[in-house]
Amino acid sequence: MNFSSVKVKALEHDPVKMLNQDISLGEFKDYLRRSNQLESFESYLTEQSKLSDENQEWAYKLIMILEGKEDSLNNDPIRAMKLHDKGLDLRRLGRYQEALESYDESLKICPNVATTLCDRGDVLRDLGRYKEALESYNESLLNIWPHDVMILSKPEEVLRNLGHTLHNRGGVLRDLGRYEEALECLKKGLEILSKDAVIFRNRNIIVCCSKYVREVQGLVLRDLGRYEEALECFDKSLVIYYDADVLSNRSIVLRKLNIKEHCCDEKASQSCDTSFRP
Numbered sequence: 259m260n261f262s263s264v265k266v267k268a269l270e271h272d273p274v275k276m277l278n279q280d281i282s283l284g285e286f287k288d289y290l291r292r293s294n295q296l297e298s299f300e301s302y303l304t305e306q307s308k309l310s311d312e313n314q315e316w317a318y319k320l321i322m323i324l325e326g327k328e329d330s331l332n333n334d335p336i337r338a339m340k341l342h343d344k345g346l347d348l349r350r351l352g353r354y355q356e357a358l359e360s361y362d363e364s365l366k367i368c369p370n371v372a373t374t375l376c377d378r379g380d381v382l383r384d385l386g387r388y389k390e391a392l393e394s395y396n397e398s399l400l401n402i403w404p405h406d407v408m409i410l411s412k413p414e415e416v417l418r419n420l421g422h423t424l425h426n427r428g429g430v431l432r433d434l435g436r437y438e439e440a441l442e443c444l445k446k447g448l449e450i451l452s453k454d455a456v457i458f459r460n461r462n463i464i465v466c467c468s469k470y471v472r473e474v475q476g477l478v479l480r481d482l483g484r485y486e487e488a489l490e491c492f493d494k495s496l497v498i499y500y501d502a503d504v505l506s507n508r509s510i511v512l513r514k515l516n517i518k519e520h521c522c523d524e525k526a527s528q529s530c531d532t533s534f535r536p
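If you want my numbering, it's the 1-based position in the sequence shown plus 258.
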């Protein structure tokens with residue numbers, strides 16, 4: 259089949275029809291390459307992947323074909339996403355084992371998805387299976403820069419996932435009593451977030467991720483008896499916004515240091531806000 263540029267334009271307006279017709283996608287790819295339109299069409303698909311589930315699905319399929327990854331079409335990324343979301347819902351209900359099974363099913367369809375691996379680590383941690391949780395977080399970090407078209411064009415989601423994974427990986431290292439490793443993980447996390455502030459230019463997300471990383475950092479330092487450093491971490495976390503858990507942990511540290519709480523609270527409240535600071 260010989261495709262004209264007019265048909266390419268038509269496909270841009272209604273590409274779903276193309277998937278429902280008996281069209282040689284291989285020949286379509288060859289036409290795009292010959293007419294030097296392959297790169298621009300891939301860019302168009304990436305933009306479309308930001309939209310509805312239907313757009314995400316056909317964009318995913320077309321990009322897999324254009325990249326020569328037809329075998330990947332045996333996987334169903336939309337079904338994998340739904341299984342992942344089901345796992346989130348089950349975890350919220352406290353049905354941790356079922357949530358784990360749902361994440362595992364999702365990963366069988368689409369392996370190496372960073373968000374699913376991270377959330378799988380969370381539920382393993384809920385089940386007290388800390389070593390397995392750590393392995394899942396490690397895998398998530400290895401795959402943190404996604405190649406999946408559905409999230410490739412959404413860097414803020416990548417950044418949120420990075421902060422979440424580093425926060426929880428540090429937490430599970432603390433659960434395992436590996437405090438120095440936890441501190442190193444959290445320190446590296448803050449360095450990465452600081453560098454990525456330049457790349458992503460989304461200060462609110464950077465601040466939010468940093469807040470949670472500093473919170474766990476404070477807990478680890480408290481466990482090590484390094485109370486002054488722990489207090490500093492909690493204070494930096496509270497500068498972003500008030501959090502009941504952080505305030506409670508801060509109070510424990512203040513008692514350990516024999517510091518009157520109301521004196522420090524007055525100072526802290528002057529710099530705290532209930533919203534993110536840019």
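Backbone N, C-alpha and C fix where the C-beta goes; we use that ideal spot for every residue, glycine too.
What do you reckon, are the CB atoms on residue i and residue j nearer than 9 angstroms?
i: S249; j: K469; result: The requested residue 249 does not occur in the structure, where the chain is confined to residues 259 to 536.
i: L400; j: N370; result: yes
i: A338; j: L365; result: yes
i: G476; j: V497; result: no
Kindly indicate which residue of the options has the alpha-carbon position closest to the one of residue i.
i: V471; options: K514, E487, H422; result: H422
i: D347; options: R337, P335, Y361; result: Y361
i: L358; options: D377, V478, T373; result: D377
i: E487; options: R436, V511, K366, L444; result: V511
i: I367; options: H342, V497, Y485, L477; result: H342
i: V478; options: E449, G429, I450, C467; result: G429
i: Y354; options: S364, V371, N516, G379; result: G379
i: G386; options: L434, K344, S364; result: L434
i: R484; options: A502, C467, L444, L515; result: L515
i: L392; options: D501, G345, E356, R436; result: R436
i: A372; options: L424, E356, L444; result: L424
i: G345; options: I336, P335, E363; result: E363
i: I450; options: C467, A440, P335; result: C467
To the nearest whole angstrom, what separates the beta carbons of residue i and residue j, a pair I think is in contact under 8 angstroms?
i: R513; j: V474; result: Contact doesn't hold; Cβ gap of about 20 angstroms is too wide.
i: I402; j: L420; result: 5 angstroms
i: R508; j: L482; result: Contact flag wrong, Cβ pair sits at about 16 angstroms.
Query raised in the report: Does the segment 336-354 come close enough to the segment 387-398 that 3 or more CB-CB pairs lie under 8 angstroms?
Result: Taking 8 angstroms as the limit for Cβ pairs, the verdict is that the segment 336-354 does not touch the segment 387-398.
Query - Complete alpha helix (DSSP H) runs within the segment 477-518 (minimum length 4 residues, chain order) - result: Counting only runs of 4 or more, we get 485-498, 502-514.
Query - alpha helix (DSSP H) runs contained entirely in the segment 356-444, provided each spans 4 or more residues - result: You should have 372-384, 388-400, 407-410, 413-433.
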